[in-house]
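For the sequence shown, the working numbering begins at -9 and goes up steadily by one. Glycine included, every Cβ here is placed at the ideal spot set by N, Cα and C. No experiment lies behind these values; they were computed from the predicted model shown. Data first, discussion second: the structure below is written as structure tokens.
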Amino acid sequence: MNHILRPLLLLAVILTLTLPASAQTLDTVRERGFLICGSSNSLAGFAQQDVDGRWSGFDVDLCRALAAGIFGNPDLIEFRSYRGEARFAPLQTGAVDVLMRNGAWTAARDSKFGARYVVPSFFDGQAFLVPQSLGVVSAYELDDVTICVADRSGELAALDEFFFSNQTSFTEVVYEEESDLAVAYRAGLCQVVSASGRQLQAIRRELSDPSQHRILPERITKEVLGPVVREDDVTWFEIVRWTVFTLISAEEFGVTSLNIDSLTAARSPIIRRLLGVEGDFGSALGLRPTFMTDAIRAVGNYSELYDRHFGPQTGAAMLRGQNALYSNGGLLYAPPIM
């Protein structure tokens, strides 16, 4: 009997080690009954808590879209914010199912920590925050200015390169932490702040009159942000990726959270496929045919999402810039649904 069982046990172990982890995260999420979603550090506009502990922001809405695609209910999430020092361990240990915003996408982060960046959801880079009184509308107009900068990831070197190539000059006021930049800028210790556009947006929102300050349109470095998942689950990777693609496609084809119900009768094959009326692109992922419809209905298309958290109603509107659709001069693009 033992001679028969041993080969069978050995075969079972081999199959366990070699079979792909096809839908393990999706199964875990469903059995739990809610999605655990996180981001790296709370940041105004992206992820912030109110006095009652409720989370809101761009990252949170991406999580809600994913939950809607899985459960049909965007509220079945638990949101967690992790400091930059703990970006990958919570993902590796299963403490979180997906990180909607982590450190910027790099080769090392995408290959060394058992994690995979899924798709760009926000394009950014080092930029400049200036007072309107400075009278400049482009970074190329900056000359002989004092700039507050936290030199943690090569920001000062990027400034040196930019001003050298532009044949202009600046004086740096260097700090160790980004949190010091807002304090120094408000105190008049520098004329300009240089940091990532998203960090500058958070600083601007905290100023007494954000309209008196602007973020210049240029980005002097490249930073790509997007969801991160464990590397061993292809199906989960695709679910997260097509959730983001869904919101981008919805904007491209004019589908919004307000008109989505009326468009289910549309004759356009593209819109019918997006809404799950024609074809079935959910079953291959273990989802309902209408998972894209559920995601759009929950948070709107990418434009609605962006405007909600970075639009004029925030009091500190941030231009779409690189985060506009490719057809409007930006970098956002989603593959065809077919």
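Pick helix, strand or coil for residue i, following the three-state DSSP scheme.
i	result
Leu322	strand
Pro200	helix
Ser12	Confidence in Ser12 is poor, its pLDDT being 43 and thus under 50, which makes the residue's placement unreliable; the coordinate value appears in the next sentence. Correct three-state label for Ser12: coil.
Asn313	helix
Gln82	helix
Ile67	strand
Trp232	helix
Ser32	coil
Asp297	helix
Val19	helix
Phe329	Given that the chain is displayed from residue -9 to residue 328, the structure contains no residue 329 and the question cannot be resolved.
Arg220	strand
Ala98	coil
Thr342	A query on residue 342 cannot be resolved here, the shown segment of the chain reaching from -9 to 328 and no further.
Pro207	coil
Quick check on this structure: which residue in the options has the alpha carbon closest to the alpha carbon of residue i?
i	options	result
Leu119	Glu196, Ala85, Leu253 and Asn63	Glu196
Arg287	Ala129, Val163, Gly59 and Glu21	Gly59
Asp87	Ile205, Leu315, Arg22 and Ala307	Arg22
Leu321	Glu242, Arg257 and Trp45	Glu242
Ala55	Asp284, Glu294 and Gln189	Asp284
Val164	Ala174, Ser258, Pro302 and Thr158	Ala174
Phe300	Val135, Phe112 and Met328	Phe112
Leu343	Ser101, Phe160, Ala147 and Gly115	Absent from the model: residue 343. The displayed extent of the chain is -9 to 328, so no value can be given.
Ser101	Arg231, Glu221 and Pro325	Glu221
Gly272	Arg298, Thr233, Ser293 and Gly244	Thr233
Gly216	Arg209, Glu208, Pro207 and Phe227	Phe227
Glu145	Thr136, Thr211 and Asn156	Thr211
Tyr104	Gly84, Asp114 and Arg257	The residue asked about is misnamed: residue 104 is Gly in this sequence, not Tyr. Ranking the options by Cα distance to Gly104, first place goes to Gly84.
Gln312	Tyr296, Pro325 and Pro302	Tyr296
Asp225	Glu166, Leu275, Val289 and Ala306	As written in the sequence, residue 225 is Thr, which differs from the Asp given in the question. The residue with the shortest Cα to Cα distance from Thr225 is Leu275.
Between residue i and the ligand COA, is the CB less than 6 Å from at least one heavy atom?
i	result
Ser169	Absence of the ligand COA from the depicted structure is noted, as is the absence of any ligand whatsoever, leaving it without description.
I'd like to know whether the C-beta atoms of residue i and residue j end up nearer to each other than 7 Å.
i	j	result
Gln14	Asp223	yes
Glu162	Ala185	no
Val50	Ala37	yes
Leu265	Thr254	yes
Leu171	Ala117	no
Gly115	Arg188	no
Asp156	Tyr130	The question names Asp, but residue 156 in the sequence shown is Asn. Yes. Within cutoff.
Pro259	Asp270	no
On the premise that residue j lies in contact with residue i, defined as a C-beta separation below 8 Å, what is that separation, rounded to the nearest angstrom?
i	j	result
Trp95	Val214	4 Å
Ile229	Leu16	7 Å
Met90	Ile205	Their Cβ separation, rounded to whole angstroms, is 22 Å, which puts Met90 and Ile205 out of contact at 8 Å.
Are the segment 75 to 90 and the segment 152 to 166 touching by the rule of at least three beta carbon pairs closer than 8 Å? no
Decide yes or no for the touch test of the segment 229 to 249 against the segment 130 to 146: beta carbon pairs closer than 8 Å, at least 3 of them. Pairwise C-beta distances place the segment 229 to 249 out of contact with the segment 130 to 146, as fewer than three of them are shorter than 8 Å.
Can at least three beta-carbon pairs, one atom from the segment 102 to 114 and one from the segment 246 to 261, be found at a separation below 8 Å? no
Pairing CB atoms from the segment 25 to 41 with CB atoms from the segment 60 to 71, are three or more of them under 8 Å? Inter-segment contact for the segment 25 to 41 and the segment 60 to 71 is present: three or more beta-carbon pairs are separated by less than 8 Å.
For the 8 Å Cβ check, are there 3 or more pairs between the segment 171 to 188 and the segment 120 to 138? Taking a contact to require three or more Cβ pairs closer than 8 Å, the segment 171 to 188 and the segment 120 to 138 qualify as touching.
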